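Undergrad:
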Amino acid sequence: MNTNMNTITTIALLVTLMSIAANSTSPEDPIQCNGAIKNTNCTITNSYGAFPDRSACRAAEAVYPTSEAELVAAVASAAAAKRKIKVATRYSHSIPKLVCPDGDEGLLISTKYLNRTLSVDASAMTITVESGVTLRQLISEAASANMALPYAPYWWGLTVGGMMGTGAHGSSLWGLGSQVHDRVTRLTIVAPAQPHVRVLETGDADLDAAKVSLGVLGVISQVTLKLEPLFKRSVTYITRNDSDLGEDAVTLGRKHEFADFTWFPSQKRVIYRQDDRTSTNSSGNGLNNFPGFRSTSTLVLATLRSTEETQESLGDANGKCINGRITASFLRSTGFGLTNDGLIFKGYPVIGYQNRIQASGTCLDSPDDARLTACPWDSRVKGLFFHQTTFSIALSRVKGFILDVQKLVSLFPDSLCGLDLYNGILMRYVTASSAYLGKQEDSLDFDITYYRSKDPLQPRLFEDVLEEIEQMAVFKYGALPHWGKNRNVAFLGAIGKYRNGARFVEVKQRYDPEGVFSSGWSDQMLGLADGLSVVREGCALEGLCICSQDSHCAPNKGYLCVPGKIYDKARVCAKVTTGNIS
12 MNTNMNTITT IALLVTLMSI AANSTSPEDP IQCNGAIKNT NCTITNSYGA FPDRSACRAA
72 EAVYPTSEAE LVAAVASAAA AKRKIKVATR YSHSIPKLVC PDGDEGLLIS TKYLNRTLSV
132 DASAMTITVE SGVTLRQLIS EAASANMALP YAPYWWGLTV GGMMGTGAHG SSLWGLGSQV
192 HDRVTRLTIV APAQPHVRVL ETGDADLDAA KVSLGVLGVI SQVTLKLEPL FKRSVTYITR
252 NDSDLGEDAV TLGRKHEFAD FTWFPSQKRV IYRQDDRTST NSSGNGLNNF PGFRSTSTLV
312 LATLRSTEET QESLGDANGK CINGRITASF LRSTGFGLTN DGLIFKGYPV IGYQNRIQAS
372 GTCLDSPDDA RLTACPWDSR VKGLFFHQTT FSIALSRVKG FILDVQKLVS LFPDSLCGLD
432 LYNGILMRYV TASSAYLGKQ EDSLDFDITY YRSKDPLQPR LFEDVLEEIE QMAVFKYGAL
492 PHWGKNRNVA FLGAIGKYRN GARFVEVKQR YDPEGVFSSG WSDQMLGLAD GLSVVREGCA
552 LEGLCICSQD SHCAPNKGYL CVPGKIYDKA RVCAKVTTGN IS
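Add 11 to a position in the sequence shown, counting from 1, and you land on the number used in our numbering.
#1: Return the Cβ separation of isoleucine 355 and valine 246 in integer angstroms, given the expectation that the two are a contact with Cβ distance under 8 Å.
#2: DSSP three-state label for isoleucine 31, please.
#3: Ends of the beta strand (DSSP E) at lysine 586?
#4: Cβ of alanine 80 within 7 Å of any heavy atom in the ligand GTP?
#5: Tell me whether glutamine 205 sits in a helix, a strand or coil according to DSSP, three-state version.
#6: Can you check DSSP and say which residues form a bridge with glycine 166?
#7: Anyone know if the C-beta pair for glycine 575 and glutamate 479 falls short of 8 Å?
#8: Helix, strand or coil, according to DSSP, for tyrosine 578 in the structure here?
#9: Can you give me the C-alpha to C-alpha distance between alanine 33 and cysteine 374, rounded to a whole angstrom?
#10: Can at least three beta-carbon pairs, one atom from the stretch 326-339 and one from the stretch 201-220, be found at a separation below 8 Å?
#11: Please list the terminal residues of the continuous alpha helix (DSSP H) segment that includes tyrosine 522.
#12: When the Cβ atoms of the stretch 347-364 are set against those of the stretch 289-299, are three or more pairs found closer than 8 Å?
#13: Tell me the rounded alpha-carbon separation between valine 392 and serine 58.
#14: Could you have a look at alanine 381 and say whether DSSP puts it in helix, strand or coil?
#15: Does the beta-carbon distance from threonine 309 to arginine 382 come in below 8 Å?
#16: Should glutamate 152 and serine 232 be called a contact, given that it needs their Cβ atoms to be closer than 8 Å?
#17: With a threshold of 16 other CB atoms inside 10 Å of the CB of glycine 117, please say whether the residue is buried or exposed.
#18: Which term fits proline 276, buried or exposed, when burial requires 16 or more other beta carbons within 10 angstroms of its beta carbon?
#19: Looking at the strands, I want to know which residues DSSP matches up with cysteine 428.
#20: So what does proline 240 bridge to, in DSSP terms?
#21: Enumerate in chain order the residues of its own chain whose CB-to-CB distance from glutamine 482 is below 8 Å, with the five nearest sequence positions on each side excluded.
#22: With DSSP as the reference, please indicate the residues paired to arginine 280 in a beta bridge.
#23: In angstroms, rounded to a whole number, what distance separates the CA positions of methionine 29 and glutamine 322?
#24: Looking only at DSSP bridge pairs, what is glycine 172 linked to?
#25: Distance, Cα to Cα, isoleucine 506 vs arginine 514?
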């Protein structure tokens, strides 16, 4: 496709994207059943419609409890029959196969209707909710009582139970830190072993296992969270050259409470988020409505996807670079979805109450419109289809990693332009946690989203550079994986990086001695079984293995398994015939 035409198309589509009304097709239930008896013969997927290995996950039955008593009955019955169980959330945003029971005779327990706020205690500054409550509900309920959850992920569609399962977080090094689970003061979990219902409170050692549980201890029923008085924030985005990013990444989080970065390595630019509390008397009623989480025309989505597919097929890296710069510039000029009064972006700082600034996701809550619009990643339409590689690196080591990425960019200047189409690399601060599977020390989290082909044997442009970055992070810098994202490679050897990994496994054994909540996948993640590396043709292209022979790449398309350029222990798929990296 002609690059100039791509540019014109991208500008037109971005303008269209920003002007679309709020109506959309609401996300599909991740559980679909078609048995003769209701809620039997079921499949489950994630919100993106594909797991890392593209396998289908099946279960014999799904149940939708509406009370803790119904939940206890479901778990007790399945445990007595030694039937495999997995927990599903309303929107199922985890990329790995955490929701997949082994075989096809298992039981899915959905928390979709466990979605009530049970109590709000203004004097104790706490809120107690069922585990199916979404982040959006939690934020709203807290604000209605003039309280706030100070740190949280940026996406409304996560549930409280889901956040506990995967260690979801926002960005901060202040206070109790950015991980939601570190604000838990009380938690009720329904487990297979007697007693089925266990109430864990601050001071109970088992709480540190349950706070980040991967869904293998049981079903979280209720959660009590510590809140703070509702406050205002003042947000300013500043664009800078990335030459000082290595130094600034270590220090910015101590200077600004809600600091983060959005890095565009191929542009050698980074967006600094200078974000702090301000007086509630400060003027401003700012609102966050991030464009990537809005309803989008499915025609726009199809055109953007087709454009990128064409660029991939033609090897048009320059076209991606041009479109990426346009996309980034457009987002900067529109305040990344921030508005000063809920309607218009007039400039920085944007000041608003915490509940209006901290997260967004308006594509979730609109009525159906026959799929004229949808969330951008809705698998029922031709839209975004991507990999996510997300990991945290200790602040003491993060500068070296950033410098290594910059070295790769200096060798291959266009190699990371594709990231710009997905809003660059989001970098968020996370603090050390007492949770057994939580962060081990203060760190910076790197969230990298990038193109995924519908053909698992089709390499991506500059496949090798992103693979080297992934392996460099995981093996050279000892990065910890985000439990709810990532391809298989990120989990290789992961459990050995957690000081209390063995304690977590011990609690798992006590709560679920028959392993009904476990699966082959979860056992592999926890180092209890082999098979995390899936060796088959083209496996390295999808992050299912690290290539050790050419068949792991796509030799019929000119891609072979070769050493990386910066990290000498990396093994990557490279198009050696065109000098892509070797």
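All C-beta atoms, glycine included, are put in the ideal place defined by N, C-alpha and C.
Since the structure is predicted, the reported quantities are computational estimates derived from the model, not experimental observations.
TA: Put simply:
#1: 15 Å between Cβ atoms; not a contact.
#2: Residue confidence is low: isoleucine 31 scores 47 on pLDDT, short of 50, so the model does not pin down where it sits. Its coordinate-derived value is still stated next. Note: isoleucine 31 maps to coil in three-state DSSP.
#3: Per DSSP, lysine 586 belongs to the beta strand (DSSP E) from 582-586.
#4: Among the components of this structure there are no ligands whatsoever, and the ligand GTP is therefore not found.
#5: If DSSP states are grouped into helix, strand and coil, glutamine 205 belongs with coil.
#6: Before going on, a small fix: residue 166 reads as tryptophan here, not glycine. Within the DSSP secondary-structure output, tryptophan 166 pairs in a beta bridge with Ser371.
#7: For glycine 575 and glutamate 479, yes; Cβs fall inside 8 Å.
#8: Tyrosine 578 carries a coil assignment under DSSP once its states are collapsed to helix, strand and coil.
#9: Caution applies to alanine 33, whose pLDDT of 46 falls short of 50 and renders its modelled position unreliable; the model cannot decide the point.
#10: Contact between the stretch 326-339 and the stretch 201-220 is absent, because fewer than three Cβ pairs lie under 8 Å.
#11: Boundaries of the alpha helix (DSSP H) around tyrosine 522: 512-522.
#12: A contact exists between the stretch 347-364 and the stretch 289-299.
#13: Straight-line Cα distance between these residues: approximately 12 Å.
#14: Here alanine 381 carries a coil assignment [DSSP, helix/strand/coil].
#15: With a cutoff of 8 Å on beta-carbon distance, threonine 309 and arginine 382 are scored as near each other.
#16: Going by C-beta atoms, glutamate 152 is not nearer than 8 Å to serine 232.
#17: Burial check for glycine 117: the Cβ neighbour count within 10 Å reaches 16 or more, so the residue is buried.
#18: It is buried - the Cβ of proline 276 has at least 16 other Cβ atoms within 10 Å.
#19: Paired residues: none, contrary to the question.
#20: Listed as beta-bridge partners of proline 240 by DSSP are Met158.
#21: Within the same chain, glutamine 482 has close Cβ partners Val500, Ile557, Gly575, Tyr578, Lys580, Ala581, Arg582, Val583.
#22: For arginine 280, which the question treats as bridged, DSSP gives the partners Asn252, Phe275.
#23: Since pLDDT at methionine 29 reaches only 48, below the 50 mark, its modelled position is unreliable, and no value is offered.
#24: In the DSSP secondary-structure assignment, glycine 172 is not bridged to any residue.
#25: In this structure, the straight-line span from the alpha carbon of isoleucine 506 to that of arginine 514 is close to 11 Å.
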